[in-house]
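Here's the structure, in structure tokens; my notes come after.
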Amino acid sequence: MVIDFFTVLLAVFVLIMYVYLILVRKSILIKSLKRKFIYVLVIGFSLLILLLTLATGQPLDQRIRGFLSVLLVLSFLLDSKGLSDDRLILGPFDKNGILYQDVEKMALLIKKKEIRLNYFKNGRRGPMMKFSIPLEELLAFLSERLNEEAEISILVDEDK
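For the sequence shown, the numbering used here gives the first residue as 9, with consecutive numbering after it.
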């Protein structure tokens with residue numbers, strides 16, 4: 009039973025990707041929220057791949073690839089975006105992020121149990137992030153890091 013070179017390469021890739029995702033996740037101080045639907049979708053798809061891998065009579069090499077595929081799909085649960093010490097991290101493979109000093113304006117929309125944050129850089133709006141921390145903590149965090157010219161707008165959604 010010989011394991012194929014591409015199976016070994018896939019295993020190394022999965023290992024390096026998990027190490028990288030965990031390091032990025034540790035650098036984020038305030039994590040943004042994810043939709044619950046994503047968890048259900050990723051776990052369901054992972055279980056489907058696992059069942060297909062176990063149900064079909066495949067050689068060892070193909071079973072290893074099946075398990076590595078499950079780990080690849082489950083890595084979507086590790087991706088994080090949020091606020092680190094010196095920048096906004098917009099995705100798991102966003103190497104540079106957006107430095108706080110480059111942000112011109114932030115808009116915070118307060119909904120029932122979440123805060124939606126949008127930022128503006130060079131006159132363009134960036135992607136929205138959702139947080140579940142108290143507004144006071146978020147404002148204290150941002151006020152220490154944003155430049156002095158940056159404007160923070162707070163909007164309250166009163167739909168009930």
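Note that the Cβ used here is the ideal one computed from N, Cα and C, for glycine as well.
Treat the numbers as computed from the prediction; the structure is a model and nothing was measured.
In the structure shown, the three-state DSSP call for Ser-161 is strand. By the beta-carbon neighbour count (other beta carbons within 10 angstroms, threshold 16), Tyr-127 is buried.
As the crow flies, the alpha-carbon of Ile-106 is around 27 Å from that of Val-22. Beta-bridge partners assigned by DSSP to Leu-91: Ile-38 and Leu-96.
In the structure shown, Arg-43 falls within a coil segment according to DSSP collapsed to helix, strand and coil. Just so you know, the alpha carbons of Gln-70 and Phe-84 end up roughly 22 Å apart. By the Cβ neighbour-count rule, Phe-139 is buried, with 16 or more other Cβ atoms within 10 Å of its own.
Two segments are said to touch when three or more pairs of C-beta atoms, one from each, lie closer than 8 Å; by this definition the region 34-49 does not touch the region 14-21. Distance between Ile-123 and Thr-61, taken at the CA atoms: about 41 Å. Contact between the region 66-80 and the region 106-115 is not established, with fewer than three Cβ pairs separated by less than 8 Å. Between the alpha carbons of Ala-115 and Ile-97 lies a distance of about 17 Å.
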